[in-house]
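Colleague: Take the sequence shown: its position 118, counted from the start at 1, is 126 in our numbering, and no numbers get skipped.
Got a structure for you, questions after.
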Amino acid sequence: MKSRILMLACAVVVVVGMVGLVACSSNTEATTTTEIKLSTMQCGACENTISTALKGVEGVKEVKVDLKNKKAEVAFVANQVTVAKIEDAVVKSGYAANDKKADAQAYEKLPECCKVGKH
Ligand SMILES: [Cu+2]
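Structure (structure tokens):
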């Protein structure tokens with residue numbers, strides 16, 4: 009009986025220790041959230057392209073593309089990437105990001121239906 013309590017106590021210590029470790033490591037990787045305006049996003053294909061581009065950026069942790077409101081919420085690690093770099097990833101995928109215009113070459117390669125004014 010005594011050994012059982014001891015084992016339980018040990019298990020508690022281990023669990024608490026692990027939780028502490030996780031809390032610590034997530035602390036060093038504190039994320040910042042930014043909103044990117046995606047004024048030229050028009051359909052689900054656009055949403056996928058932009059989402060994939062954003063997720064490919066190093067330091068980006070979470071991406072929520074909101075097609076209806078033409079914006080994306082991006083959680084990123086501040087010391088690994090900047091908002092400007094995140095915007096550039098969208099620009100290079102052929103879409104406008106905040107006040108930056110889409111890269112002309114990337115835009116040309118988009119499906120016809122994704123080009124502004126073709127809907
Ligand atoms: Cu589209």
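Cβ coordinates follow ideal geometry from the N, Cα and C atoms, glycine included.
1) Which same chain residues, not among the five before or five after residue 112, have their C-beta less than 8 angstroms away from its C-beta?
2) Taking residue 70 as part of the beta strand (DSSP E), name the residues at either end of that continuous run.
3) Determine the DSSP secondary structure at residue 90, reduced to helix, strand or coil.
4) Roughly how many angstroms lie between the CA atoms of residue 126 and residue 104, to the nearest whole one?
5) Using only alpha-carbon positions, find the residue among 90, 60, 106 that is nearest to residue 40.
6) Go ahead and pull the three-state DSSP assignment for residue 109.
7) Between residue 88 and ligand 1, is the CB less than 6 angstroms from at least one heavy atom?
8) Can you say whether residue 95 is buried or exposed, counting buried as having 16 or more other CB atoms within 10 angstroms of its CB?
9) Using the beta-carbon count (16 or more within 10 Å), is residue 58 buried or exposed?
Modeller: Inspection of the coordinates gives the following:
1) Walking along the sequence shown from the start, residue 112 turns up at place 104. Closer than 8 angstroms at Cβ, skipping near neighbours: no residue.
2) Residue 70 sits at position 62 when you count from the first residue of the sequence shown. Unbroken beta strand (DSSP E) run through residue 70: 68-74.
3) The residue given as residue 90 occupies position 82 in the sequence shown. Coil at residue 90, not helix or strand.
4) The count along the sequence shown starts at 1 and reaches residue 126 at position 118. The count along the sequence shown starts at 1 and reaches residue 104 at position 96. Because residue 126 sits at a pLDDT of 46, beneath the cut-off of 50, its placement in the model cannot be relied upon, and the point is left open.
5) Start at 1 with the first residue of the sequence shown, and residue 40 comes out as number 32. The residue among 90, 60, 106 with its C-alpha nearest the C-alpha of residue 40 is 90.
6) Along the sequence shown, one-based indexing puts residue 109 at 101. Residue 109 falls in the coil class under three-state DSSP.
7) Counting from one through the sequence shown, the residue named residue 88 turns up at place 80. Result no, Cβ not under 6 angstroms from ligand 1.
8) In the sequence shown, residue 95 corresponds to position 87, counting from 1. Buried, by the Cβ-count rule.
9) Stepping through the sequence shown from its first residue, residue 58 is reached at position 50. Answer is buried; the Cβ neighbour count reaches 16.
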